[in-house]
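**Student:** Protein chains in written order, with this note's numbering: chain A, 4 to 115; chain B, 1314 to 1427. Glycine included, every Cβ here is placed at the ideal spot set by N, Cα and C. Just so it is clear, the structure is predicted and the values come from calculations on it, not from any experiment. So that we are looking at the same thing, I have put the structure below in structure tokens.
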């Protein structure tokens, strides 16, 4: 399976703390994307990082990509209760025709 | 980003019936749409790629005769689950390719087959 692995599977933190999620994948990619999913809802696109990029920021989000290790991380700074959701990485594989392969996901719970 | 809608948002049906799920692109002409399935507490698995005006491309292990996909216009793709069984109960999500490489997802359709 080409599915990526994410860790941790679940993460519980206090509001104001930072949350870090990691994603590993297996083959060459065009880009890697992070999505958020609230319980029972659709996915919201957070950030896309291309294979020739190493770091990207968007608001409180910071994504890194290490293609030599085939891994990426998503950092959410100063977390809020509203950040509680599942977070998925998805890889656009080289030669894959824009199809996305999703990771296993991290369930984040931010407590007040 | 692009806006994608799905209808219905949830459906309950009896085993053996067929269910049609619509995926509409509200503000973008989508030549390519994707259909995913998500079982409870699991990740999304790509089922098929829907191309406007041509046959869909199915992922390995997905029965094309069971999951019929029609993409007759640039704004509408449909997924029909034929002769649904309880094991087909799942969350079905479509997406469209927006500008660049980003996919925009619909809100999903929850199917429960009794």
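Which chain B residues are close to residue 33 (chain A), counting only those with a beta carbon under 8 Å from its beta carbon?
**Tutor:** 1414
**Student:** Give me the subset of the stretch 28-56 of chain A whose CB atoms are less than 9 Å from a CB atom of chain B, sorted by chain position.
**Tutor:** Cβ contacts with chain B come from 33, 34, 36, 38, 40, 43, 44, 45, 46, 47, 48, 51 and 53.
**Student:** Reducing DSSP to helix, strand and coil, say where residue 1340 (chain B) ends up.
**Tutor:** coil
**Student:** DSSP three-state call for residue 84 (chain A): helix, strand or coil?
**Tutor:** Reduced to three states, the DSSP call for residue 84 (chain A) is helix.
**Student:** Applying the 10 Å Cβ sphere with the 16-neighbour rule, what's the burial state of residue 4 (chain A)?
**Tutor:** Because the pLDDT of residue 4 (chain A) is 49, which lies under 50, any placement of that residue in the model is unreliable, and the number read from its coordinates should be weighed accordingly. Looking at its Cβ environment, which holds fewer than 16 other Cβ atoms inside 10 Å, residue 4 (chain A) is exposed.
**Student:** Quick check: residue 1403 (chain B) and residue 1346 (chain B), are their CB atoms within less than 7 Å of each other?
**Tutor:** no
**Student:** Report back the beta-carbon spacing between residue 1379 (chain B) and residue 1395 (chain B) to the nearest angstrom; my notes put them in contact at under 8 Å.
**Tutor:** At roughly 6 Å, the Cβ-Cβ gap stays under 8 Å, so residue 1379 (chain B) and residue 1395 (chain B) are in contact.
**Student:** Let me know if residue 1428 (chain B) comes out buried or exposed under the rule of 16 or more other beta-carbons within 10 Å of its beta-carbon.
**Tutor:** Any question about residue 1428 (chain B) goes unanswered here, given that chain B covers just 1314 to 1427.
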